[in-house]
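Peer 1:
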Amino acid sequence: MRYWLMKSEPSDVSIDDLAGFPNQSVDWYGIRNYQARNFMRDQMKVGDGVFFYHSNCDVPGIAGIAEVSKLAYPDRLQFIKGHKYYDEKATPENPRWLNVDVKLVRKTRLLSLKELREYPELINMRILQRGNRLSITPVDPKEWDFINSVLK
DNA sequence: GCCAACGTTGGC
DNA sequence: GCCAACGTTGGC
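Here it is in structure tokens:
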């Protein structure tokens, strides 16, 4: 069992969107970064804990808790010609991009990036490091527990 | 909208 | 395999 932080732009999929989806679940489409893909492909298991993070918005931060609900499988958008996420080098026989499914556990208060930066316990979190742009990052179990305690 | 940081691409 | 150019991310 591992823990993750996954960024989503709320203008694309927000925590409230997730809450309104069938099964409160979404395919985590559009990952086009090898490191992030490899996390999904090689390490994510059903039941892994996920912090659902709102990025590129007015108040970035953790907006809810979710879990991995389906193992990685080919991202369908890579095959749709003309789509933003189309990849001409990907074929159904040899897909390049994958996604897991993520299911809502519960919406939380918005724990802002600003607040996250105030806790010495989180000083080493990947998301808080300078220049971090990776949209999926592992979360240390201690960090997971600490953030959960702050969210209670 | 700016821009720092970082990933990817492609010429050599 | 190097590295300059370019594209993207995402906080501010």
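With the UniProt record's numbering, the residue at position 111 of the first sequence is 111, and numbering never jumps.
For each residue, glycine too, the CB sits at the ideal point set by N, CA and C.
1. Under the three-state reduction of DSSP, which class applies to P60: helix, strand or coil?
2. Quick check: the stretch 25 to 38 against the stretch 95 to 104, are at least 3 beta-carbon pairs closer than 8 angstroms?
3. Could you check where the beta strand (DSSP E) with residue 153 kicks off and where it finishes?
4. To which residues of the same chain is G47 closer than 7 angstroms at the C-beta, ignoring the five residues directly before and after it?
5. Could you tell me if A19 is buried or exposed, where buried requires 16 or more neighbouring beta carbons within 10 angstroms of its beta carbon?
6. Excluding the 5 residues flanking N23 on each side, which residues of the same chain have their C-beta closer than 7 angstroms to its C-beta?
7. Hey, W4 and P141 are a contact pair by Cβ (cut 8 angstroms); roughly how many whole angstroms apart?
8. Taking Cβ to Cβ, would you say Y29 is nearer than 8 angstroms to L77?
9. So which of S14, S8, R32, S11 has the shortest CA-CA distance to D87?
10. Please report the distance separating the alpha-carbon of Y53 from that of Y119.
11. What first and last residue would you give for the alpha helix (DSSP H) that runs through D17?
12. Short of 8 angstroms in beta carbon distance, which residues of its chain neighbour R117, apart from the five on each side in sequence? Order them along the chain.
13. Return yes when the Cβ of S25 is within less than 8 angstroms of the Cβ of D101, no when it is not.
14. Does F51 pass the burial test, meaning 16 or more other C-beta atoms within 10 Å, or should it be called exposed?
15. Give the C-beta separation of A63 and L110 to the nearest angstrom, bearing in mind that I take them to be a contact with Cβ-Cβ under 8 angstroms.
Peer 2: Concretely, from the data shown:
1. coil
2. yes
3. The structure shown does not extend to residue 153, since the chain is modelled only from 1 to 152, so the question has no answer here.
4. M1, E67, V68
5. exposed
6. Sequence-distant Cβ neighbours of N23 in its own chain, meaning closer than 7 angstroms and more than five residues away, are K103.
7. Between P141 and W4 the Cβ distance is about 12 angstroms, and since that is not below 8 angstroms, they are no contact.
8. yes
9. R32
10. 17 angstroms
11. 15 to 20
12. L128
13. yes
14. buried
15. 6 angstroms
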